[in-house]
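Q: Taken in order, the sequence shown gives residues 1431 to 1646; the numbers are from this note's numbering. Glycine included, C-beta positions come from ideal geometry on N, C-alpha and C. In this text, all values refer to a predicted model and were calculated from it rather than measured experimentally. Below is the structure I would like to discuss, written out as structure tokens.
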Amino acid sequence: MPGKVGVALLLLALTLGGLQAAWDFSQISRRAEQLYGPLGQGRERIESWQRLLQEQGGAEELAQLKAVNRFFNLRVRFRDDSEVWRVQDYWATPVEALWRGAGDCEDYAIAKYISLRQLGVASDKLRITYVKALRLNQAHMVLTYYAHPQAEPLVLDNLIDAIEPASRRPDLQPVYAFNAEGVWVPGAGNGRQVGNSKQLSRWQDLLKKMRAEGFP
1431 MPGKVGVALL LLALTLGGLQ AAWDFSQISR RAEQLYGPLG QGRERIESWQ RLLQEQGGAE
1491 ELAQLKAVNR FFNLRVRFRD DSEVWRVQDY WATPVEALWR GAGDCEDYAI AKYISLRQLG
1551 VASDKLRITY VKALRLNQAH MVLTYYAHPQ AEPLVLDNLI DAIEPASRRP DLQPVYAFNA
1611 EGVWVPGAGN GRQVGNSKQL SRWQDLLKKM RAEGFP
């Protein structure tokens, strides 16, 4: 049995390598039923999510982006929070979105971010980005992917299925972005970090709900 130092080095190697422990979907489904009631057709959507993660494990990152983006754009219907949750603004976990089969823009972006993180994509390559959708004249949220720190981001959006570079999405005006490590505002060099995600109460509430659903 390895000593404490060996275990620590192994955990560090796993973290740096982007490897994630497998989720126990049987436990997650049981917890979801306890929290939300019968899953109905949502069970099949959650099981399909499990299969997606299994199939995409070890794939190239661009392939993972396309698969995850396509999955949630197909499996989740766009509906306003007022219609799905009877409140003005609600950040659903991926399980909640798949249970209902519906969500709004932040639910797509969050589900894609969490899925790609589980597949091993580094957090510093992903940002959940709050934008103004200029053509719609309304607030919107997307997921952005940076192949390296100075790369032009790719945009994963529920409005369109194609994953486009940000320069080809002039209809989106960035306002701020965040991931598990920080919060950014637009600026040179892909923005300026202005804080950490612990300041975002809705994000922290989302993580608490996921832990209640059985996620580690």
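1. Identify whether Leu-1446 lies in helix, strand or coil by the three-state DSSP scheme.
2. One question on the structure: do Arg-1565 and Asp-1601 come within less than 8 angstroms of each other, judged by their Cβ atoms?
3. Restricting to Cα atoms, I'd like to know which of Ile-1593, Val-1525, Val-1561 and Thr-1574 is closest to Arg-1505.
4. Can you tell which of Glu-1477, Arg-1598, Asp-1587 and Val-1551 has the C-alpha that lies nearest to the C-alpha of Leu-1492?
5. Can you check DSSP and say which residues form a bridge with Pro-1604?
6. In its own chain, which residues sit with a C-beta less than 6 angstroms from the C-beta of Asp-1635, not counting the 5 before and 5 after it?
7. Going along the chain, which residues of its own chain have a beta-carbon closer than 6 angstroms to the beta-carbon of Ile-1540, five neighbours each way excluded?
8. On the DSSP letters alone, give me the boundaries of the beta strand (DSSP E) that Val-1615 sits inside.
A: Quick look at the numbers:
1. The residue given as residue 1446 occupies position 16 in the sequence shown. A caution first: Leu-1446 carries a pLDDT of 35, below 50, which makes its placement in the model unreliable, though a value can still be read off. Of the three classes helix, strand and coil, the one that applies to Leu-1446 here is helix, per DSSP.
2. If you number the sequence shown from 1, residue 1565 lands on position 135. If you number the sequence shown from 1, residue 1601 lands on position 171. Yes, these two residues count as a Cβ contact at 8 angstroms.
3. Within the sequence shown, residue 1505 is the residue found at index 75, counting from 1. Each of Ile-1593, Val-1525, Val-1561 and Thr-1574 was checked against the Cα of Arg-1505, and the nearest Cα belongs to Val-1525.
4. In the sequence shown, residue 1492 corresponds to position 62, counting from 1. Closest by alpha carbon: Val-1551.
5. Indexing the sequence shown from 1 puts residue 1604 at position 174. DSSP, once it has assigned bridges, lists Val-1561 as partnering Pro-1604.
6. Counted from its first residue, the sequence shown places residue 1635 at position 205. Short of 6 angstroms from the beta carbon of Asp-1635, and not among the five residues preceding or following it, lies no beta carbon of its own chain.
7. Residue numbering aside, residue 1540 sits at position 110 when the sequence shown is read from its first letter. Contacts found: none.
8. Sequence index remark: in the sequence shown, residue 1615 carries index 185 (1-based). 1613 to 1615 is the extent of the beta strand (DSSP E) around Val-1615.
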